[in-house]
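2 protein chains.
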Amino acid sequence: MNAELARGAGDRPPTMRDVATAAGVGLKTVSRYVNGETNIADPLRVRIAEAIELLGYRRNLAAASIRPGWTSKVIGLITSDLANPYYSTLAHAAESVAWQAGYLLTTFSSEEDGERHDLAVDRLIDQRVDALLIVPPRNPGRAWSQLRPPLPPVVFLDRPAVLDGAPAVLADNAGGAREAAIELARNGARRIAFVGDSQQIYTMAERLRGYLDGLAQVGLTPGPISHAAHSQEEARGVVSGLLAEGAADAIFAANNRAAMGALHAFADSGGRLPMIAFDDFEAAEVVRPRISVVSQDVARMGALATEIAIRILQGTPPVSDRTVLGTRLILRGSEKPDSPTILDRLPE
Amino acid sequence: MNAELARGAGDRPPTMRDVATAAGVGLKTVSRYVNGETNIADPLRVRIAEAIELLGYRRNLAAASIRPGWTSKVIGLITSDLANPYYSTLAHAAESVAWQAGYLLTTFSSEEDGERHDLAVDRLIDQRVDALLIVPPRNPGRAWSQLRPPLPPVVFLDRPAVLDGAPAVLADNAGGAREAAIELARNGARRIAFVGDSQQIYTMAERLRGYLDGLAQVGLTPGPISHAAHSQEEARGVVSGLLAEGAADAIFAANNRAAMGALHAFADSGGRLPMIAFDDFEAAEVVRPRISVVSQDVARMGALATEIAIRILQGTPPVSDRTVLGTRLILRGSEKPDSPTILDRLPE
Chain A
0 MNAELARGAG DRPPTMRDVA TAAGVGLKTV SRYVNGETNI ADPLRVRIAE
50 AIELLGYRRN LAAASIRPGW TSKVIGLITS DLANPYYSTL AHAAESVAWQ
100 AGYLLTTFSS EEDGERHDLA VDRLIDQRVD ALLIVPPRNP GRAWSQLRPP
150 LPPVVFLDRP AVLDGAPAVL ADNAGGAREA AIELARNGAR RIAFVGDSQQ
200 IYTMAERLRG YLDGLAQVGL TPGPISHAAH SQEEARGVVS GLLAEGAADA
250 IFAANNRAAM GALHAFADSG GRLPMIAFDD FEAAEVVRPR ISVVSQDVAR
300 MGALATEIAI RILQGTPPVS DRTVLGTRLI LRGSEKPDSP TILDRLPE
Chain B
0 MNAELARGAG DRPPTMRDVA TAAGVGLKTV SRYVNGETNI ADPLRVRIAE
50 AIELLGYRRN LAAASIRPGW TSKVIGLITS DLANPYYSTL AHAAESVAWQ
100 AGYLLTTFSS EEDGERHDLA VDRLIDQRVD ALLIVPPRNP GRAWSQLRPP
150 LPPVVFLDRP AVLDGAPAVL ADNAGGAREA AIELARNGAR RIAFVGDSQQ
200 IYTMAERLRG YLDGLAQVGL TPGPISHAAH SQEEARGVVS GLLAEGAADA
250 IFAANNRAAM GALHAFADSG GRLPMIAFDD FEAAEVVRPR ISVVSQDVAR
300 MGALATEIAI RILQGTPPVS DRTVLGTRLI LRGSEKPDSP TILDRLPE
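Protein sequences, first through last, are from chains A and B. For the first sequence, numbering that gives the first Met the number 0 assigns the number 0 to the initial residue and increments by one for each residue that follows. For the second sequence, numbering that gives the first Met the number 0 assigns the number 0 to the initial residue and increments by one for each residue that follows.
1) Pick from F155(B), I275(B), K27(B): whose alpha carbon is nearest that of S319(B)?
2) With 7 Å as the C-beta to C-beta threshold (strictly closer), list the residues of the region 131-144 of chain B near chain A in chain order.
3) Run through chain B and tell me which residues come within less than 7 Å of E94(A), C-beta to C-beta.
4) I want to verify the contact list: residues of chain B whose CB lies under 8 Å from the CB of H263(A), in sequence order.
5) Consult DSSP for D112(A) and reduce its assignment to one of helix, strand or coil.
6) From the DSSP output, in three-state form, read off A21(A) for me.
7) Using a Cβ-Cβ cut-off of 9 Å, state whether D125(B) counts as contacting chain A.
8) Taking CB distances under 9 Å as the criterion, tell me whether L207(A) reaches chain B.
9) P316(B) CB to nearest chain A CB: under 9 Å?
10) Give the straight-line distance between the Cα atoms of P317(B) and D157(B), rounded to the nearest whole angstrom.
11) What does DSSP give as the partner residue(s) for V323(A) in the beta ladder?
12) If we call anything under 9 Å between Cβ atoms a contact, is E110(B) one with P139(B)?
13) Are the beta-carbon atoms of H91(A) and S108(B) separated by less than 9 Å?
14) According to a CB-to-CB cut-off of less than 7 Å, which residues of the region 270-281 of chain B neighbour chain A?
15) Determine the contact status of Y210(B) and A253(B), defining contact as a CB-CB distance below 9 Å.
16) For a test of the three-state rule: what should DSSP assign to I290(A), helix, strand or coil?
17) Assign A188(A) to one of three DSSP states: helix, strand, or coil.
18) Looking at C-alpha atoms only, which residue of P336(B), E306(B), Y85(B) is the closest neighbour of P288(B)?
19) What separation, rounded to the nearest whole angstrom, lies between the Cα atoms of R185(A) and G218(A)?
20) How big is the Cα-Cα spacing for A5(B) and I47(B)?
21) Can you list the alpha helix (DSSP H) stretches of 4 or more residues lying completely in the region 219-295 of chain A, in chain order?
22) Please report the distance separating the alpha-carbon of A176(B) from that of L262(A).
23) List, in chain order, every chain A residue whose beta-carbon is nearer than 8 Å to that of R115(B).
24) Whose CA, out of L76(B), H226(B), L214(B), I250(B), lies closest to the CA of E121(B)?
25) Go to V318(B), then tell me how far its beta strand (DSSP E) extends in each direction, as first and last residue.
26) Please look up how many angstroms separate the CB atoms of V128(B) and P151(B), rounded, as I've assumed it's under 8 Å.
27) Name the chain B residues whose beta carbon is nearer than 8 Å to that of L118(A)?
28) Report the CB separation of G301(B) from L146(B) in whole angstroms; it is logged as a contact under 8 Å.
29) Grab the span of the alpha helix (DSSP H) containing I74(A) for me, first residue to last.
30) Show which residues of chain E have a CB atom less than 7 Å away from the CB atom of V73(B).
31) Is the distance from the Cβ of V73(A) to the Cβ of Q126(A) below 9 Å?
32) For the putative contact between I275(A) and A179(A), defined by C-beta atoms under 8 Å, what is the C-beta separation to the nearest angstrom?
33) Hey, quick one: how far does the beta strand (DSSP E) through A130(A) stretch, first residue to last?
34) In angstroms with no decimal places, state the Cα-to-Cα distance between I65(A) and T14(B).
35) Buried or exposed: P149(A), going by 16 or more other Cβ atoms within 10 Å of its Cβ?
36) Would you tell me roughly how many angstroms separate the C-alpha atoms of L328(A) and A97(B), rounded to the nearest one?
In structure tokens form, the structure reads like this:
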């Protein structure tokens, strides 16, 4: 096959017809190949593949996507915070499941902003993604009901569905927080502070509810409650304040940002308080005492939501609309007031 | 405006003409509005916007994108590892700059795999993204020269350009590693281990080069060199081995995975070695001693690459093809063999 001969058309992009000519096969066969049909004889497949590479042929998405039944083989994920390792873990798990099923995963971040979220939804639908995995933003934008059908399958995760009938995969936020509060009380704490983010975030509201439930269950009144810990730095300030004022004798850190901020505040002051954090996090096991956590299996959440989306694409709708994943209390020492701390030993 | 009246067309999706009728304006005005033209009188803009919302009108991407000059207002980023917080920080910075300039950022991960990377490139080009930000995968796929022009502007980051003439934004990996090795030697280390990932990764090869340069500069021979620390767990094993065998008296951790693995190995054994890590990381300041790092400004790398792409889109090509960002050695104590460790004080 001769590229110059085969090309022959000057500088215009090569067409499917050019590929057919170069490969010495019919246009229809090239069309079937390009559209992913599998019953094409191997020698023809090879010749077409070579011609496509030789000519640099690229299917025109705009033209192709007008055809009914065409899909992009891409699943779109919108999380609320690109920089949070929680969502990195979630996205990574979703990506693995998607790839194994023959889909690429593309991600957007709403940064908790409804407008940005809506634009990302529009782009993904415009691109004809096969399914949407959505973490709804704290500040909602337009209602999903305003979108005109047909929509691709939508699966919500981390926060409840905001579209009727759509499945959602959630963690048992209230249950995990309840356990943490009770455990801190069991270790002698009487004024347990809640350090977390805005209650407008579903997971936060649920964790606060669980914390209050747990305290009520053991006969304690709520300790200081802060919703101002949006970032690690803000959490550091909140916990520094609690330490300075002696306002609490234990801390429930309601997410990984709050926990990291608390660790910084401990380091700043040289003091610490017994603490349990919601969400496991990278630093938890390399500090002393090790940090006890309510662990939600965020990788499983990402994987499961993706599996549900793929099952819907394969024609098997999910059995239930809402899947609530249990959490696990992992006790490592930080829940105790007198946990032994370890002096790093030096090489001789 | 009456939705039922305005719709009037049964169940077919609303057209631009329906919007024009409902808004009481000409079709041409709706078309100009939908295509982002700004010189439309405010009252008309409001009526059109209301009609679009009322009818649930959605522009047909497939039809729109055939028009010359149409762009998606999306910038595509392909990194090599979704789960690595390094790339989360990079993506977050890119996203902020893009959003401020009116673009959404969409991200894919190649997971260091050429095939997956190439598919992601194809999808992004098919979607008519305005620009591509690319971290080339360790295992390269097809050559960029095989892609038929026109391509959107491509900016490479973290690793050098693999497309002639394309700009790249890199960190001074060799320079930073050299400084780290010299600093460890200055603190008395004589057998400095290199703990890192595969040399097929450009940044790793550069860091090894810098480490060797630094040692040569202070008259030391290389210590044990490991390229097997692909993950945190593998790094933990490598460092545990070094501790057990007494094979090194200091560690240069060549990325954040290696550093976290080393911290786990220290915690496992109760011992530690003087260490400097390449890349700052979340846990570095909450352990004792605090971990000294070669800090590359990864947020700046993400922001700068995005700014370069946007400048190209605005018609101002970059002045130089390659921008090398300096690194900063941040000394926090872990570089010394006798760094004081701090016993957490307990609340009385």
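Ideal Cβ positions, reconstructed from N, Cα and C, are used throughout, including at glycine. Computed from a predicted model, the values in this text were never measured in an experiment.
With the given structure in hand:
1) For S319(B), the closest alpha carbon among the candidates F155(B), I275(B), K27(B) is that of F155(B).
2) none
3) L81, S108
4) E284, V285
5) The answer is strand: DSSP assigns D112(A) an E or B state.
6) helix
7) yes
8) no
9) no
10) Separation of P317(B) and D157(B) (C-alpha to C-alpha, rounded to the nearest whole angstrom) is 17 Å.
11) L169(A)
12) no
13) yes
14) G270, R271, L272, E281
15) Yes, these two residues count as a Cβ contact at 9 Å.
16) coil
17) coil
18) P336(B)
19) In this model, R185(A) and G218(A) are separated by some 11 Å (Cα to Cα).
20) Note that A5(B) has pLDDT 42, beneath the 50 cutoff, so the model's placement of it is unreliable and the number below is only indicative. Answer to the nearest angstrom: the Cα atoms are 12 Å apart.
21) Uninterrupted alpha helix (DSSP H) stretches at least 4 residues long and entirely within the region 219-295 of chain A occur at 231-244, 255-268, given in chain order.
22) Using only the alpha carbons, I get a separation of about 29 Å.
23) W98, L103
24) The identity of residue 121(B) in the sequence shown is Asp, whereas the question assumes Glu. D121(B) has its Cα closest to that of L76(B), out of L76(B), H226(B), L214(B), I250(B).
25) Looking at the DSSP string, V318(B) is not in any beta strand (DSSP E), and its letter there is neither H nor E.
26) 6 Å
27) L103
28) Going by Cβ atoms, the distance from G301(B) to L146(B) rounds to 24 Å, so no, they are not a contact pair.
29) Segment 73-78 is the beta strand (DSSP E) holding I74(A); no alpha helix (DSSP H) there.
30) Protein chains A and B are contained in the structure displayed, whereas chain E is not.
31) yes
32) 4 Å
33) 130-133
34) Because I65(A) sits at a pLDDT of 45, beneath the cut-off of 50, its placement in the model cannot be relied upon, and the point is left open.
35) exposed
36) Approximately 40 Å, taken between the alpha carbons.
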